[in-house]
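Chemist:
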């Protein structure tokens, strides 16, 4: 169960429960008129501001006493403020975005207010099965602490001219192990990308069994891995070795970004780049024009004839726990969230934030240009074949454990895939010993 935030909040919450989530479940927008002024602060990144300014106007038109104030700050910078101070800090917004993988940590720190997300979802509309999507991932023991914001997963960008030069047929599955080492570039040592490889071979990085015990495949002996898991490490080892032998910067954590950008330019040999939907504008510029860019769903890329599969990633919108003390303010804060994710505004939301709603069909974006529609269609297709993302606090340790182990190959120079795997095994054994 979620712990109560403060004694004062506990008392207020008990009182508020008598009216059953007045702040987020009432269909009538009258309670906000009880106060002279209701100030709700909302976190927004710089590029999001035009969209959020429209949200501000819409909500203020519905609540005559509402004063929506936007705080321009990056999502992770805002979360850093929360980590370094607490929710009473005035620089911490009343409404803010949060990635799903940070949800449990924020819940543990008693940062998030309870919301009646099911009622909000009914008013927003479009959700086919709320609890089987992001909604279910943003609740603990049946208590909803954030509302679904956007879905995200990985897709494959193609420099068409480079692909033609390499003889890659874009109309069928593309086998990773058949490609030259620079024809497809992906930061496999970064677990955000590496997980797509792990999922292709049913390799469990960290999970919980039916009794809640943490388990991983990566502490097994190499001989205990399945054939497809061993083949995966053979593919990753060969990929690293080619880059290492040719002294590229792909396995250099700091220099890899510049290397990826340079190689995706036309004539530089990189035909396929794995990235997220947010990368489209920059990669279009890299290839020279939208006509030279094609976007494929991730599952069209295979490794050892197994489709790459990412996670059903996503973000939520949360309300600062301090707002629970004021039912009227909660109502306005919920209205802000509902307007941000209003399906009628899906195209505008994507235009300014790059965020795709879970509760709309791709046709909601038909007003956008062809390049953006390619990104959107590929993302939705990739999302459908992606796996449910593990969401628990301990998974945060996996990121560094995977990356540090894979990056260590350049220092230890393993001679075989098994030796490379053993570096990963040692890293995960150390990780598991900390739980």
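Residue numbers (my numbering): -2 to 432.
Backbone N, C-alpha and C fix where the C-beta goes; we use that ideal spot for every residue, glycine too.
1) Quick one: Cα of residue 180 to Cα of residue 195, how far?
2) In angstroms, rounded to a whole number, what distance separates the CA positions of residue 201 and residue 239?
3) What are the uninterrupted segments assigned as alpha helix (DSSP H) that are 4 or more residues long and contained completely in the region 249 to 292, given in chain order?
4) Just to confirm my understanding: we take residue 68, look at its own chain, exclude 5 residues before and 5 after, and list those with CB closer than 6 Å. What are they?
5) Helix, strand or coil for residue 198, going by three-state DSSP, please let me know.
6) Excluding the 5 residues flanking residue 26 on each side, which residues of the same chain have their C-beta closer than 8 Å to its C-beta?
7) What residue range is occupied by the uninterrupted alpha helix (DSSP H) comprising residue 64?
8) Please tell me whether residue 44 and residue 362 are closer than 8 Å, where the distance is taken between their beta carbons.
9) So, with DSSP's three-state summary, where would you put residue 476?
10) Shorter than 7 Å, the distance from the beta carbon of residue 70 to the closest heavy atom of the ligand GTP, or not?
11) By DSSP's criteria, residue 204 is part of a beta bridge. Which residues make up the other side?
12) Would you say residue 372 and residue 121 are within 8 Å of each other, going by their C-beta atoms?
13) Are residue 169 and residue 389 touching if we call contact CB-CB under 8 Å?
14) Among 77, 305 and 392, which one has its Cα closest to the Cα of residue 433?
15) For residue 334, which option in 184, 411 and 52 has the closest C-alpha, if you only look at C-alpha atoms?
16) Enumerate in chain order the residues of its own chain whose CB-to-CB distance from residue 163 is below 8 Å, with the five nearest sequence positions on each side excluded.
17) Could you give the distance in angstroms between the alpha-carbon of residue 42 and the alpha-carbon of residue 417?
18) Report the residue from 35, 414, 33 and 147 whose alpha carbon sits nearest the alpha carbon of residue 227.
19) Nearest CA to the CA of residue 314: which residue from 50, 36, 131 and 47?
20) Assign residue 125 to one of two classes, buried (16 or more other C-beta atoms within 10 Å of its C-beta) or exposed (fewer than that).
21) Examine the Cβ distances between the region 280 to 300 and the region 378 to 386 and report whether three or more of them are shorter than 8 Å.
22) Determine the closest residue to residue 93 out of 427, 65, 105 and 118, with distance taken between C-alpha atoms.
23) By Cβ distance below 6 Å, which residues in the same chain neighbour residue 392 in space, the five residues on each side in sequence not counted?
24) Does the Cβ-Cβ distance between residue 351 and residue 274 come in under 8 Å?
25) With a 10 Å radius around its C-beta and 16 neighbouring C-beta atoms as the bar for buried, classify residue 145 as buried or exposed.
26) Are the CB atoms of residue 110 and residue 320 within a distance shorter than 8 Å?
27) What is the C-beta distance between residue 316 and residue 70, in whole angstroms, given that I count them as a contact (C-beta under 8 Å)?
28) Could you give the residue range of the alpha helix (DSSP H) that holds residue 418?
29) So what does DSSP say about residue 387, is it helix, strand or coil?
30) If residue 383 sits next to residue 306, beta carbons under 8 Å apart, how far is it from one beta carbon to the other, in whole angstroms?
31) Express the C-alpha separation of residue 86 and residue 324 in angstroms, rounding to a whole number.
32) Give the range of the beta strand (DSSP E) segment to which residue 40 is assigned.
33) Residue 432 by DSSP, collapsed to three states: which one?
34) Measure the CB-CB distance between residue 354 and residue 147 and report whether it falls below 8 Å.
35) Does residue 376 come out as helix, strand or coil in the three-state DSSP assignment?
36) Does the separation of the CB atoms of residue 100 and residue 153 fall below 8 Å?
Modeler: According to the structure shown:
1) 21 Å
2) 26 Å
3) 253 to 260 and 277 to 284
4) 38, 40 and 90
5) coil
6) For residue 26, the predicted structure reports a pLDDT of 48, less than 50, and the residue's modelled location is therefore unreliable. A value from the coordinates is still provided. 59, 60, 328 and 332.
7) Premise fails: residue 64 lies in the beta strand (DSSP E), 63 to 69, not in any alpha helix (DSSP H).
8) no
9) Because the chain is modelled from -2 through 432, residue 476 falls outside the range shown and cannot be assessed.
10) This structure simply doesn't include the ligand GTP, nor any ligand for that matter.
11) 212
12) no
13) no
14) Examination of residue 433 is not possible in this model, given that the chain is present from -2 through 432 alone.
15) 52
16) 176, 177, 180, 266 and 268
17) 40 Å
18) 414
19) 131
20) exposed
21) yes
22) 65
23) 203
24) yes
25) buried
26) yes
27) Rounded, the Cβ-Cβ distance is 17 Å, inconsistent with contact.
28) 414 to 429
29) coil
30) 6 Å
31) 20 Å
32) 35 to 41
33) coil
34) yes
35) helix
36) no
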